[in-house]
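Accompanying notes for the structure given below.
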Amino acid sequence: MRAETHLPRSSGLPPQQAGAVAEQAPILHRGGGARPPAEVDEGLIREKWQAEGGEAKLGRPLGAVQSALGGRLRYQRFQSGVIFASASFGAVMVGPQIFGKWSGLTPSLQSTMGCPIGDGFRVTRPVIGTADCAYFQRGMIVARSNGQAFEVHGRIYERYRDLNDVRGVLEYPQSDEEVAPGGGRRSRFTHGEIYWKSATGAAEVHGAIRAKWQALGGAGGLLGYPVSDEERV
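Going by this note's numbering, the first residue of the sequence shown is number 730, and it counts up by one from there.
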């Protein structure tokens, strides 16, 4: 899927704070003397930084290049975004909120989700507003304008993608993946849920059918786990 729009370039900081960051005052080493400002990495990251407008749009680097996923993924933070680079997907850019959520995931979950595969993009839905999104190899992160950010991964993510993810009937995620009754997993969304269990696979429930199912005990009740999405009869 193609991104609708690039993420905004603003740092999100008040002018006085943004100016202070931009100045990047030297930091003293333990042994004395000033540490020079970080340089933009060579190669894919520099090429992407320049293509996105360089210092005028992304600002200056906030630190040296870091690595993740056993060295398969490299990234560098800037004042208004983060650039990831991998051999498989090249260089992509995401916003600070997406990066903040990703960096807070466990190394195991980062490995499960894999590398980001495209630039972050923004979606606006009626009533619930905007969200910044980024796709990974086996998952996605959605960050709402209200500050909430959630991940979706694995089989639940595959089902969510089949349902047109943030543009579909379920709209935005409202939870990270969590434990469900009876040894399964679930993710909650604006207008429904997706449940997964090894014996049933992943399926969604929403609307009046979901309300009745929950009244009967949901996944831990009389009917157990859904084995299909809602269907027209």
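The beta carbon of each residue, even a glycine, is placed where N, CA and C say it ideally should be.
Leu951 classed as buried or exposed, judged by whether at least 16 other C-beta atoms fall within 10 angstroms: Taking the first residue of the sequence shown as position 1, residue 951 is located at position 222. Result: exposed.
Reduced DSSP category for Glu727 - H, G, I as helix; E, B as strand; rest coil: Since the first residue of the chain shown is 730 and the last is 962, residue 727 is not available in this structure.
Strand pairing of Ser815, partner residues [DSSP]: Indexing the sequence shown from 1 puts residue 815 at position 86. Beta-bridge pairing links Ser815 to Leu802, Gly819.
Short CB-CB distance (under 8 Å) between Gln866 and chain B: Of the protein chains in this structure there is only one, and it is not chain B.
Thr853 (DSSP reduced to helix, strand or coil): Within the sequence shown, residue 853 is the residue found at index 124, counting from 1. In the structure shown, Thr853 sits in a strand (DSSP, three-state: E or B).
DSSP beta-bridge partners of Trp925: The residue given as residue 925 occupies position 196 in the sequence shown. In DSSP, Trp925 forms a bridge with Arg914, Ala931.
Span of the alpha helix (DSSP H), counted from its first residue to its last, around Tyr901: The sequence position of residue 901 within the sequence shown is 172, counting from 1. Looking at the DSSP string, Tyr901 is not in any alpha helix (DSSP H), and its letter there is neither H nor E.
Test item: CB-CB of Ala767 and Leu791 under 8 Å: Counting from 1 along the sequence shown, the entry for residue 767 is found at position 38. Counting from 1 along the sequence shown, the entry for residue 791 is found at position 62. In this structure, Leu791 lies closer than 8 Å to Ala767 by Cβ.
Burial state of Ile938, where buried means 16 or more other Cβ atoms lie within 10 Å: Along the sequence shown, read from residue 1 onward, the residue named residue 938 stands at position 209. By the neighbour-count rule (16 or more Cβ atoms within 10 Å), Ile938 is not buried but exposed.
Arg803 versus Gly849 - alpha carbon distance: Locating residue 803 in the sequence shown gives position 74, where the first residue counts as 1. Locating residue 849 in the sequence shown gives position 120, where the first residue counts as 1. When rounded, the distance between both Cα atoms is 16 Å.
Secondary structure of Arg890, DSSP reduced to three states: Here residue 890 refers to the residue found at position 161 of the sequence shown. If DSSP states are grouped into helix, strand and coil, Arg890 belongs with the helices.
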